[in-house]
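A.B. asks:
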Amino acid sequence: MTTPRRTTPREWMDHLEQTLEAFDETGGHRVLTQVFDELGVEDALSYVVLPYLQEVGERWSAGSIGVAQEHFASNVLRSRLSVLMGADERPEGPLAVLACMPGEQHEFGLMATSIVLSRLGWRTCYLGADTPTAELALTCRTLQPEAVVVAARRATAFAAHAPALRRVARTTPVHLAASGANDDVVQLCHATLLEGDPVQGAHTLHGTLGESASGLDESTAV
Ligand code: B12
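The sequence shown lines up with residues 2 to 223 when you count with my numbering.
1. Could you tell me which residues DSSP puts in a beta bridge with Val98?
2. When every heavy atom of the ligand B12 is checked, does at least one fall within less than 7 Å of the C-beta of Pro199?
3. Label Gly110 either buried or exposed according to how many other C-beta atoms from any shown protein chain fall within 10 Å of its C-beta, with 16 as the threshold for buried.
4. With a threshold of 7 Å, establish whether the CB of Phe37 neighbours any heavy atom of the ligand B12.
5. Out of Ala179, Ala182, Ala178 and Ala148, state which residue places its alpha-carbon closest to the alpha-carbon of Val169.
6. Starting from the C-beta of Ala160, find all residues in its chain whose C-beta is less than 7 Å away, skip the five residues before and the five after it, and write them out in chain order.
7. Have a look at Thr221 and Leu210 and give me their C-alpha separation to the nearest angstrom.
8. CA-CA distance, Glu196 and Gly202?
9. Please report the distance separating the alpha-carbon of Ala97 from that of Thr4.
10. Check whether the Cβ of Leu114 lies closer than 7 Å to any heavy atom of the ligand B12, and answer yes or no.
11. Taking C-alpha atoms, which residue in Asp89, Glu18, His176 and Arg155 lies nearest to His72?
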């Protein structure tokens, strides 16, 4: 008897394209259920869902799909990731506040980090897209999290708010992430660079802060 061949990430992405870009929500959710079951949450995010989103952008900018298809696909994915966020949180875990910088609408990377952190035993307060820095600061004063993660595609989004981020960094470790984060803005904002993809970023944060904050280690991941 031969073992059935496993579906490759390329094939999973093709299945997402065939369903989501044909406005087939049920089919898209079916593919997502299968891919999360077969690969597990982290690999499904790293090798299928996030790369698929990048390809959607390429097809959109090349004109092979329209804005409606891009919006539909990202809305279905957003609803799915929202369900995964917070699903595994434990009440005693360290707390992370996650936000996109003002004007930044791209939040999938931050959502993925939030999902993985919660699976590592963290509690997350997800503020999401386009968060005013005054609100971020207020949230940090109120909740006193162990870490703040802020994401932006452009370095100028961090630089423009450097004074506010420095004020937050006086009391809470601030981590800058996504393509706008680089050594210069990290220095300017008195922050730390959170490198790698969103799944790696969550593990880095957990490695540097999670264990000391709560005694959690990688083996506690759910
Ligand atoms: C979905 C999407 C949208 C959605 C976002 C919905 C949402 N709720 O997030 C909407 C429709 C709102 C949108 C709007 C726009 N978008 Co858009 N969008 C995309 C798309 C298709 C996917 C984005 C995504 O989630 N990618 C998955 C992430 C994880 O990949 P990534 O961004 O490359 O991130 C890498 C790293 O930076 C890192 N990372 C990212 N975030 C984080 C977070 C953490 C914590 C960590 C550790 C790491 C990390 O991980 C990735 C590597 O694995 C991209 C295509 C693309 N290439 O990504 C275009 C894209 C980013 N958008 C683009 C554009 C032009 C726009 C608009 C200007 C369009 C318009 N005219 O209105 C607006 C701008 C809105 C704004 N002010 O921010 C361009 C950007 C071009 C550029 N050079 O800057 C892209 C690249 C499309 C393209 N090919 O042209 N968009």
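Heads up, the beta-carbon is just placed ideally off N, CA and C, and yes, glycines get one too. Because the structure is a prediction, the values reported are computed rather than measured.
C.D. replies: Once the coordinates are examined:
1. Looking at the DSSP assignment, Val98 forms a beta bridge with Cys126 and Val149.
2. Flag set: Cβ of Pro199 near the ligand B12.
3. Buried, because 16 or more other Cβ atoms sit within 10 Å of the Cβ of Gly110.
4. No.
5. If we check each option's Cα against that of Val169, Ala148 comes out closest.
6. Excluding positions up to five away in sequence, the list reads Val186 and Leu189.
7. With a pLDDT of only 46 at Thr221, under the threshold of 50, the placement of this residue in the model should not be trusted, and no figure is reported.
8. Taking the straight line from one Cα to the other gives about 6 Å.
9. Each residue's alpha carbon lies about 42 Å from the other.
10. Reading off the sequence, residue 114 comes out as Thr, not Leu. With a cutoff of 7 Å, Thr114 counts as near the ligand B12, since its C-beta is closer than that to a heavy atom of the ligand.
11. Looking at the Cα atoms, Glu18 is the closest of the given residues.
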